[in-house]
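A.B. asks: Dumping the structure here so I can ask a few things about it.
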Amino acid sequence: MRATGLALVAAGLMLAATAQAEEKKYGPGVSDSEIAIGQSAPFSGPASAFGIYSRVEAAYFKAINDKGGINGRKVKFVTLDNGYSPPKALEASRKLVEEDGVLAEVGTVGTPTNSATQKYLNGKKVPQLLISAGGSKFNDPKQYPWTVPFYPSFEMEAVGYARYALKAQPSSKIAVLYENDDYGKDFLRGLKKALGDAGQKLIVAEASYELTDPTVDSQLIQMAASGANVFMSFTTPKFAAQAIRKASELNWKPMQFIASPGSSVQAVLKVAGFDKSEGVMTAQYFKEPGDPAWEKDQAMVDYFDFIKKYAPNESALDAIGLSGYVNALMAVHVLTQAGNELTRENLIKVTTTEKGVTLPVLIPGTVLSNTPEDYRLYHGFQLSRFDGKGWARIETVKAD
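Numbering (this note's numbering), first residue to last: -5 to 394.
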């Protein structure tokens, strides 16, 4: 009897071990002890202000690893410089997939850079996960099922700006400055969509710039001379600061909207001058570090403590860094949900069936949800105005 009992116990243990082994399903870059993911970022070049995004994200994964990792696995986060150049971004993605063998590319910054790699990664069936780019083209589950956007839609943002401007300034005459690539053109498309065919005559000045241009001063002179009383600045940080400063120098005082990627108080408004920036409006999705409104907020206290310990050489007040932190929070959430089924297919399944996700540094009331038919996680934003010290809420804008 005793021998039979021991045999049954041994058989049970073998079955349990077998079942546990069967439950583990791994894709490339995954083992019992590690999950390898990758990202390319502009550590150099004209958009190097975004480099802090990736550095803070890497620091967060280090913090997670110090606490034991995700379900017992350490995160190996491979980062490569893309210089905000589409060809370099494609080269980086090829290296991440074919040489570094990552499970997924996660959180890569930029519309032009993600556009350059979208076809390649989808062709290889590698998740282009939680990308920090708001182009509407990235929410296309039928054509690009392996691309999942995380950053809110630029088109949605521009629609919200246009509708508010038309309501607050009935006699709107609009000037628009945009980056001459997919990033700027997506904002422009949203603006024109909101205005409709009849309303597009309200645009009295329209100008673009190249990312490699030294300044946008000539474009601002043109816009100020147009008599526009609404200015849409669909720009990245360097040019957002230039536009604010030049408008002030020209004594041009339109109702001014700046694209959320170029709205950091530390990296943009401080550079332009707080006095010159007063009154500008933007879309907010997460709490602004250093804003008096969140001084005692526990999530922001935790963020500052994290930066002090794990990224002491970075500015805790730079909102671009916080956006990298938010991306890392979501990436950890997704990888945790995936459990022991760490395959590329399951990562896509998990990331496109989110329901009611909240992250501690998001604006209160912001809830992330999506479906396999609509990958968008954000469905609105908080429109805010800079009062010289921080962002003051105007209203909540809901997407259609």
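Every residue gets a Cβ at the ideal spot worked out from N, C-alpha and C, and that includes glycine. Note that the coordinates shown come from a computational prediction; the quantities given were computed from them, not determined experimentally.
1. So what's Thr276 in DSSP terms, helix, strand or just coil?
2. Under the rule that 16 or more other beta-carbon atoms within 10 Å means buried, what is Val3, buried or exposed?
3. Quick one: Cα of Ser42 to Cα of Glu367, how far?
4. Check whether the Cβ atoms of Val91 and Leu123 sit closer than 7 angstroms, and answer yes or no.
5. What number of angstroms, rounded off, separates the C-alpha of Asn59 from the C-alpha of Lys70?
6. Taking the alpha-carbon positions, what's the Gly333 to His327 distance?
7. From the DSSP output, in three-state form, read off Tyr47 for me.
8. CA-CA distance, Ala110 and Ala199?
9. Along the beta strand (DSSP E) that carries Lys70, what are the first and last residues, could you check?
10. Which same chain residues, not among the five before or five after Ser38, have their C-beta less than 7 angstroms away from its C-beta?
11. I'd like the ranges of any beta strand (DSSP E) spanning at least 3 consecutive residues and lying wholly in the stretch 199 to 285.
12. Assign Gly190 to one of three DSSP states: helix, strand, or coil.
13. Check this for me: beta carbons of Leu244 and Ala218, under 7 angstroms apart or not?
14. Of the choices Leu205, Ser34 and Ala241, whose alpha-carbon is the least far from that of Leu214?
15. Count the other CB atoms within 10 Å of the CB of Asp299; is the residue buried (16 or more) or exposed (fewer)?
16. Which value, in whole angstroms, describes the spacing of the CA atoms of Asn223 and Gly374?
17. One question on the structure: do Ile168 and Pro143 come within less than 7 angstroms of each other, judged by their Cβ atoms?
18. Taking Ser34 and Ala86 to be in contact with their CB atoms under 8 angstroms, please state how far apart those CB atoms are, rounded to whole angstroms.
19. Please report the residue range of the beta strand (DSSP E) in which Ile29 lies.
20. Is the beta carbon of Gly95 less than 7 angstroms from the beta carbon of Pro22?
21. Roughly how many whole angstroms lie between the Cα atoms of Gly104 and Tyr369?
22. Determine the DSSP secondary structure at Lys136, reduced to helix, strand or coil.
23. Given Gly221, which residues of its chain have a CB within under 7 angstroms of its CB, disregarding the five upstream and five downstream residues?
24. Can you give me the C-alpha to C-alpha distance between Ser48 and Ala192, rounded to a whole angstrom?
25. Does DSSP put Gln112 in a helix, in a strand, or in coil?
26. Would you list the residues sitting across from Asp368 in a DSSP beta bridge?
27. Taking all protein chains shown into account, do 16 or more other C-beta atoms lie within 10 angstroms of the C-beta of Arg387, making it buried, or fewer, making it exposed?
28. Given 8 angstroms as the limit, is there contact between the stretch 267 to 287 and the stretch 311 to 319, that is, 3 or more CB pairs closer than that?
C.D. replies: Result, derived from the coordinates:
1. One-based indexing of the sequence shown puts residue 276 at position 282. Correct three-state label for Thr276: strand.
2. In the sequence shown, counting from the first residue as 1, residue 3 sits at position 9. Confidence is the limiting factor: at Val3 the pLDDT is only 44, short of 50, which leaves the residue's position unreliable and the question unanswerable from this model.
3. Taking the first residue of the sequence shown as 1, we reach residue 42 at position 48. Taking the first residue of the sequence shown as 1, we reach residue 367 at position 373. Between Ser42 and Glu367, the alpha-carbon positions lie close to 34 angstroms from each other.
4. If you number the sequence shown from 1, residue 91 lands on position 97. If you number the sequence shown from 1, residue 123 lands on position 129. For Val91 and Leu123, no; Cβs fall outside 7 angstroms.
5. What you label residue 59 is simply residue 65 of the sequence shown in a count that begins at 1. What you label residue 70 is simply residue 76 of the sequence shown in a count that begins at 1. About 9 angstroms.
6. As a first step, residue 333 is located in the sequence shown; it is residue number 339 there, counting from the start. As a first step, residue 327 is located in the sequence shown; it is residue number 333 there, counting from the start. Using only the alpha carbons, I get a separation of about 10 angstroms.
7. Counting from 1 along the sequence shown, the entry for residue 47 is found at position 53. Three-state result, Tyr47: helix.
8. Position 116 of the sequence shown holds residue 110. Position 205 of the sequence shown holds residue 199. Going by the C-alpha atoms only, they are around 30 angstroms apart.
9. The sequence position of residue 70 within the sequence shown is 76, counting from 1. Residues Lys68 to Asp75.
10. Position 44 of the sequence shown, counted from the first residue, corresponds to residue 38. Cβ neighbours of Ser38 beyond the five flanking positions: Asp75 and Gly77.
11. 224 to 228, 249 to 252 and 275 to 278
12. In the sequence shown, counting from the first residue as 1, residue 190 sits at position 196. Of the three classes helix, strand and coil, the one that applies to Gly190 here is helix, per DSSP.
13. Stepping through the sequence shown from its first residue, residue 244 is reached at position 250. Stepping through the sequence shown from its first residue, residue 218 is reached at position 224. Note that the C-beta distance between Leu244 and Ala218 is below 7 angstroms.
14. Here the question's residue 214 lines up with position 220 in the sequence shown. For the residues Leu205, Ser34 and Ala241, the minimum Cα distance to Leu214 belongs to Ala241.
15. If you number the sequence shown from 1, residue 299 lands on position 305. Asp299 comes out exposed.
16. Start at 1 with the first residue of the sequence shown, and residue 223 comes out as number 229. Start at 1 with the first residue of the sequence shown, and residue 374 comes out as number 380. For Asn223 and Gly374, the distance between alpha carbons rounds to 25 angstroms.
17. In the sequence shown, residue 168 corresponds to position 174, counting from 1. In the sequence shown, residue 143 corresponds to position 149, counting from 1. Taking 7 angstroms as the Cβ cut-off, Ile168 and Pro143 do not qualify as a contacting pair.
18. Locating residue 34 in the sequence shown gives position 40, counting from the first residue. Locating residue 86 in the sequence shown gives position 92, counting from the first residue. Going by Cβ atoms, the distance from Ser34 to Ala86 rounds to 4 angstroms, so yes, they are a contact pair.
19. Position 35 of the sequence shown holds residue 29. Looking at the DSSP string, the run of the beta strand (DSSP E) that includes Ile29 is Glu28 to Ala35.
20. Locating residue 95 in the sequence shown gives position 101, where the first residue counts as 1. Locating residue 22 in the sequence shown gives position 28, where the first residue counts as 1. Cβ atoms of Gly95 and Pro22: closer than 7 angstroms.
21. The residue labelled residue 104 in the question sits at position 110 within the sequence shown. The residue labelled residue 369 in the question sits at position 375 within the sequence shown. Going by the C-alpha atoms only, they are around 18 angstroms apart.
22. The residue you call residue 136 lines up with position 142 of the sequence shown. In this structure, Lys136 counts as coil in the three-state DSSP scheme.
23. Mapped onto the sequence shown, residue 221 falls at position 227. Here the set comprises Lys167 and Val198.
24. As a first step, residue 48 is located in the sequence shown; it is residue number 54 there, counting from the start. As a first step, residue 192 is located in the sequence shown; it is residue number 198 there, counting from the start. Going from the Cα of Ser48 to the Cα of Ala192 covers about 42 angstroms.
25. The count along the sequence shown starts at 1 and reaches residue 112 at position 118. Annotated three-state conformation of Gln112 is helix, per DSSP.
26. Translated into positions along the sequence shown, residue 368 becomes position 374. Looking at the DSSP assignment, Asp368 forms a beta bridge with Thr365.
27. Residue numbering aside, residue 387 sits at position 393 when the sequence shown is read from its first letter. Under this definition Arg387 is an exposed residue.
28. yes
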